[in-house]
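What follows is a short report on a single structure.
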Amino acid sequence: MTATLVFLGGAVGAPLRYLTDRWVQAHHLLRFPFGTLAVNLAGCFVAGLVAGGVSHAGWPTGVQTLLGTGLCGGLTTFSAFSAEMVELLHGRLALRAIGYLAASAGLGLGLAALGWAIA
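Heads up: the sequence shown begins at 2 in the numbering used here, then just goes up one per residue.
And the structure:
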């Protein structure tokens, strides 16, 4: 049952990541990975919400498997983040790379904490 929940969550998260990234990237001209940033930040919020819900709101652990591991695992992407950081650095866009790193870490942690608090 656990693998099925992960599969179902990932089956929603992965296409959602792709579609969100393509839509966000199509709506700006700046060479910056806004799409990956958007899906990773959304995933941080949802992961925090789910972890908080399971931890202190009594949500069933299956919710964490479906939404935390499955959906957020399919939605978020550390590999794309890493590759885009390297691309920015190779493109001599060090300030954008630093901004991307700071926004990803700072906002990601903040949104995870917010999700936890809301749950």
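C-beta: ideal position from N, C-alpha, C; glycine also.
Bear in mind that the values here come from a model prediction, so they are computed numbers and not experimental data.
Tell me which residues share the same chain as residue i and place their Cβ nearer than 8 Å to its Cβ, disregarding the 5 neighbours each side in the sequence.
| i | result |
| --- | --- |
| G53 | G116, W117, A118, I119 and A120 |
| R23 | G36 |
| T78 | R18, T37, V40 and N41 |
DSSP on residue i, reduced to helix/strand/coil?
| i | result |
| --- | --- |
| L94 | coil |
| M1 | In the structure as shown, the chain starts at 2 and stops at 120, and residue 1 therefore has no counterpart that could be examined. |
| A120 | coil |
| T62 | helix |
| T21 | helix |
| T70 | helix |
Residues in the same chain with beta-carbon distance under 7 Å from residue i, minus the five sequence neighbours each way, listed in chain order, please.
| i | result |
| --- | --- |
| V64 | V51, G54 and V55 |
| Q26 | F35 and G36 |
| C126 | Residue 126 is absent from the model: the chain starts at 2 and stops at 120. |
Could you tell me the alpha carbon to alpha carbon distance between residue i and residue j, rounded to whole angstroms?
| i | j | result |
| --- | --- | --- |
| T3 | L20 | 26 Å |
| L72 | L90 | 30 Å |
| G49 | L108 | 12 Å |
| L17 | Y101 | 21 Å |
| V87 | L94 | 10 Å |
| P61 | S105 | 29 Å |
| A98 | A43 | 20 Å |
| F82 | H57 | 31 Å |
Can you say whether residue i is buried or exposed, counting buried as having 16 or more other CB atoms within 10 angstroms of its CB?
| i | result |
| --- | --- |
| A113 | buried |
| V47 | buried |
| A84 | exposed |
| G59 | exposed |
| G10 | buried |
Within a Cβ cutoff of 6 Å, which residues of the same chain sit near residue i, ignoring the five residues on either side of it in sequence?
| i | result |
| --- | --- |
| F33 | R97 |
| A15 | G75 |
May I have a chain-ordered list of the alpha helix (DSSP H) segments no shorter than 4 residues that lie completely inside the stretch 31–60? 35–57
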